[in-house]
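Here the structure comes first, spelled out in structure tokens, and everything after it is commentary.
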Amino acid sequence: MTDKAANWALPIIGTIIKGKGNPPTTIPALTAKFKEAFANPNAKQAAARKIAALTQTTTTSEYVTKFRNLMAELDWNTEAYIAQFTRGLHWKVKELLSTKDNIPNNDLEAIFAALVKIDNTCWENKENRPKKAPAKSPATVATSTTTTRVCLSKDPNYITPEERD
């Protein structure tokens, strides 16, 4: 053990060996001391900001994975997780979710599983859809217009400069 970990653990180990002081005697107590020393005090706030900004930009399974990772850092209730999760869903997936009546609306794991299945089916359908032939562009016809110059003196309405004065 070296560096920061050694600086933290050696005094605790010393108090345990010497039987002096009040060292942690259980794993949860040791874990609490460890978190006190090394955990980011703003980790929950950072995770809350990240989960609030999280939106589905790829597959639902990737979105669920990112969401679960952020959930591990938070201690929200199930309703808050469900509300935040559905808020970040892609609108197409959200629309398909609204058509399903058999998904319990208070079971986050069931919602995750159902949406991953729905999204996977959408991707399969998209891949298996027959490809559209590119639209034929109409042939462009080059048209040119020419104007012929008419000599004004031959125009019957032409007035000579002498006549104007």
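Take the sequence shown: its letters are residues 1 to 165, numbered as in UniProt numbering.
The beta-carbon is built from N, C-alpha and C at its ideal position, and this holds for glycine as well.
field: Assigned secondary structure, Tyr81 (DSSP; H/G/I helix, E/B strand, else coil)
entry: Working through the sequence shown from its first residue, we reach residue 81 at position 81. DSSP places Tyr81 in helix when its eight states are reduced to three.
- prompt: Per DSSP, what kind of secondary structure is Lys4 in: helix, strand or coil?
  reply: Taking the first residue of the sequence shown as 1, we reach residue 4 at position 4. Lys4 falls in the helix class under three-state DSSP.
field: Cβ contact (3+ pairs, closer than 8 angstroms) linking the segment 39-51 and the segment 15-29
entry: no
message: Spatial neighbours of Leu96 within its chain, please: C-beta separation below 6 angstroms, excluding the five flanking residues on both sides.
response: Here residue 96 corresponds to residue number 96 of the sequence shown, with the count starting at 1. So the qualifying residues of the chain are Ile118.
task: Counting only the same chain and skipping the five closest in sequence on each side, list residues whose C-beta sits under 8 angstroms from that of Ala72.
output: On the sequence shown, position 72 is the one that residue 72 refers to. No residues qualify anywhere along the chain.
field: Local Cβ density within 10 Å of Tyr63, reported as buried at 16 or more and exposed below that
entry: In the sequence shown, residue 63 corresponds to position 63, counting from 1. So Tyr63 ends up on the buried side.
query: Between the beta-carbon of Pro24 and the beta-carbon of Lys33, is there less than 8 angstroms?
result: Here residue 24 refers to the residue found at position 24 of the sequence shown. Here residue 33 refers to the residue found at position 33 of the sequence shown. Yes; because the gap between Cβ atoms is below 8 angstroms, this pair is in contact.
Residue from Trp123, Glu79, Phe85 whose Cα sits closest to the Cα of Asn106: By one-based count along the sequence shown, residue 106 stands at place 106. With distances taken between Cα atoms, Asn106 lies closest to Glu79.
field: N- and C-terminal bounds of the alpha helix (DSSP H) containing Gln45
entry: As a first step, residue 45 must be located in the sequence shown, where it is residue number 45. Gln45 -> alpha helix (DSSP H) spans 43-53.
message: So the candidates are Thr99, Thr59, Asn42; which of them puts its Cα closest to the Cα of Glu124?
response: Position 124 of the sequence shown holds residue 124. Answer by Cα proximity: Thr59.
Three-way DSSP call (helix, strand, coil) for Thr31 in this model: Within the sequence shown, the letter at position 31 stands for residue 31. DSSP places Thr31 in helix when its eight states are reduced to three.
Top-ranked residue by Cα proximity to Ser153, from Thr147, Glu162, Thr146: Reading the sequence shown from its first residue, position 153 is the one you call residue 153. Of the listed residues, the one whose Cα sits closest to Ser153 is Glu162.
query: Which whole-angstrom value describes the C-beta separation of Ala113 and Pro104, a residue pair presumed to lie in contact below a C-beta threshold of 8 angstroms?
result: By 1-based counting over the sequence shown, the position of residue 113 is 113. By 1-based counting over the sequence shown, the position of residue 104 is 104. At roughly 11 angstroms, the Cβ-Cβ gap does not stay under 8 angstroms, so Ala113 and Pro104 are not in contact.
query: Can you tell which of Leu54, Pro28, Thr26, Ala37 has its C-alpha closest to the C-alpha of Ala6?
result: Start at 1 with the first residue of the sequence shown, and residue 6 comes out as number 6. Ranking the options by Cα distance to Ala6, first place goes to Ala37.
- request: Can you give me the Cβ contacts of Tyr158 inside the same chain, cut-off strictly under 7 angstroms, excluding the 5 residues immediately before and after it?
  value: To locate residue 158, count along the sequence shown from 1; it is residue 158. Taken in chain order, the residues that qualify are Leu152.
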